[in-house]
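These notes concern the structure reproduced below.
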Ligand code: FA5
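In the working numbering, the protein residues as written are 359 to 707.
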C-alpha cells in the first residue's frame with residue numbers, strides 16, 4: 359500500500375488552492391460540484407487520509423478541515439458576488455438610441471421639390487442676400503416705387519452698387535426670376551422651382567421675420583393661364599390629397615400681368631365654408647390663401663433678355679410655412695412655434 363506523507367498532502371492542497379486562484383471562470387456552481395461535491399476534488403483528496411501514518415493522522419485531519427473551511431468561505435464569497443452582479447441577457451434586443459429627424463419645414467421643402475420634379479421643374483438656389491436690382495428693380499419696381507413698401511424689407515448696410523443698388527435680405531424668392539433668365543442667357547424653356555429663406559419686418563401668428571417661399575417660373579412659347587391653373591391644381595392634389603381644388607382671384611403684383619392670389623380649398627369643409635349648419639372655424643370661407651401668381655410681365659422678360667413677342671410665362675410664389683401648416687391634422691395656429699426651438703413641439707412631426 360502507498361503511504362501518504364504530510365508533505366504530500368500539503369503539496370496537493372497547495373496545488374488545488376493554486377488551481378482555484380487561477381480559474382478565471384469560477385462560479386459558485388462550479389466550485390460546489392468540482393471541489394465540494396460528493397465526487398469532487400476535496401472528497402477524493404480526503405480519502406488519502408487512510409494512507410497517512412497513524413502519528414500524522416491528527417495533523418492531516420486539521421489540514422483537510424482547514425482546506426474545506428477555506429473552500430466553503432470562497433463559495434460564500436462567490437455566491438454573494440454573483441447575486442450583486444446584475445444579470446445581463448445578451449440575446450435581448452438593444453435599446454434604440456434616440457434618433458433625430460429633419461425639421462418639419464425641411465421635410466416640407468423636400469416634398470415640394472419632389473412634387474415639382476415629377477412634372478419637370480428643376481430646383482435652383484439663388485442668393486438669400488441679394489441686390490435690390492434682383493429683388494425689386496428687375497421685377498418692374500423702379501426705385502421709390504410705392505409697391506416696394508409691401509415687402510417690409512431689411513436693408514443691409516454696405517456699399518451701394520451703381521448698377522444693382524443696395525444689398526437686401528431677400529423679401530421673396532422672386533429675386534430668382536431674372537437670375538434664372540440670365541443663367542439661361544435669355545433662352546427658354548424655363549421650368550424652375552426656387553426654394554429659399556426670405557426675410558421681412560413682420561412678426562405675428564401667421565408671419566415670421568425669417569420664413570421660406572417656393573417660387574415657380576415657367577417660360578416658353580405659348581404658355582398661358584391654363585398652364586398656370588393646371589399646375590396649381592396638380593400641386594393641390596399632390597400636397598393636400600385628392601379632391602383639393604385651387605382657385606385664382608384677381609390681384610396686383612408689379613411683376614405679373616394679370617396677377618392673382620391663389621387659394622386652396624379647405625380640407626375640413628371641402629371648400630363649402632360650412633360644417634352642418636355652422637361656419638367652418640378653420641377657414642371661415644371654404645378657402646385658404648397661400649400666395650400669389652400671374653403671367654410674367656413683359657418688362658420682367660425684357661430684364662432677363664427674353665423676347666416677350668415670342669415667349670410668355672407664368673410665375674407663382676407661396677410661403678412654405680403657410681402651405682405646410684394648412685395640411686390636414688396639423689392644427690398649428692401660430693407659425694412662430696416652428697422656430698421656437700422647442701423639441702417637445704418638433705418631436706411631433
Ligand atoms: C410675394 O412674395 C410674391 N413674390 C409672390 C409672387 C410670386 C406673385 C410670383 C406672383 C408671381 P406675397 O407678399 O403675397 O407675395 O407673399 C407670398 C406668400 O408668402 C404669402 O401668401 C405667405 O404665404 C408667405 N409670406 C409672406 N410673408 C410672410 C411672413 N412674414 N411669414 C411667413 N410667410 C410669409
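Backbone N, C-alpha and C define an ideal beta-carbon position, used for all residues, glycine too.
For a quick check, are the C-beta atoms of residue 482 and residue 552 less than 8 Å apart? yes
Compute the Euclidean distance between the alpha carbons of residue 643 and residue 623, then round it to the nearest angstrom. 9 Å
Identify whether residue 655 lies in helix, strand or coil by the three-state DSSP scheme. coil
Three or more C-beta pairs below 8 Å linking the segment 565-573 and the segment 598-609: no
Residue 537 versus residue 511 - alpha carbon distance: 19 Å
Would you call residue 715 buried or exposed, if buried means 16 or more other Cβ atoms sit within 10 Å of its Cβ? Given that the chain is displayed from residue 359 to residue 707, the structure contains no residue 715 and the question cannot be resolved.
How is residue 708 classed by DSSP in three states: helix, strand or coil? The question about residue 708 has no answer here: the residues shown for the chain are numbered 359 through 707.
Given residue 638 as reference, the closest of 627, 646, 647 once Cα atoms are compared: 627
Throw me the rounded Cβ distance for the residue 540 and residue 675 pair, which I believe falls under 8 Å. Rounded, the Cβ-Cβ distance is 19 Å, inconsistent with contact.
Does the Cβ-Cβ distance between residue 614 and residue 655 come in under 8 Å? yes
Taking contact to mean at least 3 C-beta pairs separated by less than 8 Å, is the segment 515-523 in contact with the segment 486-504? yes
Would you report the Cα separation of residue 362 and residue 395, rounded to the nearest angstrom? 23 Å
So residue 573 and residue 673 are in contact, right, with Cβ under 8 Å, and what is the actual spacing, rounded? 7 Å
Is it the case that the CB of residue 679 approaches a heavy atom of ligand 1 more closely than 7 Å? yes
Select from 645, 449, 507, 412 the residue whose C-alpha is nearest the C-alpha of residue 631. 645
Reduced DSSP category for residue 568 - H, G, I as helix; E, B as strand; rest coil: strand
Quick check on residue 672: does DSSP put it in helix, strand or coil? strand
Assuming residue 701 is part of the alpha helix (DSSP H), what are its boundary residues? 701-704
Span of the alpha helix (DSSP H) around residue 610: Per DSSP, residue 610 belongs to no alpha helix (DSSP H); it is in the beta strand (DSSP E), 604-611.
Within this structure, are the beta carbons of residue 546 and residue 578 separated by less than 8 Å? yes
Taking only the alpha-carbon atoms, compute the straight-line gap between residue 695 and residue 686 and give it to the nearest angstrom. 18 Å
Here's the rule I'm using: 16 or more other beta-carbon atoms within 10 Å means buried, otherwise exposed. How should residue 468 be labelled? exposed
What residue does the beta strand (DSSP E) around residue 553 start on, and which one ends it? 548-557
Any idea if residue 561 is buried or exposed, counting beta-carbon neighbours within 10 angstroms, 16 or more meaning buried? exposed
Quick check on DSSP: helix, strand or coil for residue 621? strand
Determine contact between the segment 677-692 and the segment 580-587, defined as no fewer than three beta-carbon pairs at a distance below 8 Å. no
Straight-line Cα distance separating residue 431 from residue 411: 29 Å
Just to confirm, does residue 573 get its C-beta within under 7 Å of one of the non-hydrogen atoms of ligand 1? yes
Going by Cα to Cα distance, which pick from 378, 435, 593, 665 is closest to residue 621? 593
Taking C-beta to C-beta, are residue 367 and residue 421 nearer than 8 Å? yes
Run of the alpha helix (DSSP H) containing residue 419, from where it starts to where it stops: 415-442
Taking the C-alpha atoms as reference points, what is the distance between residue 370 and residue 427? 16 Å
Continuous beta strand (DSSP E) stretch holding residue 512: start and end: 512-519
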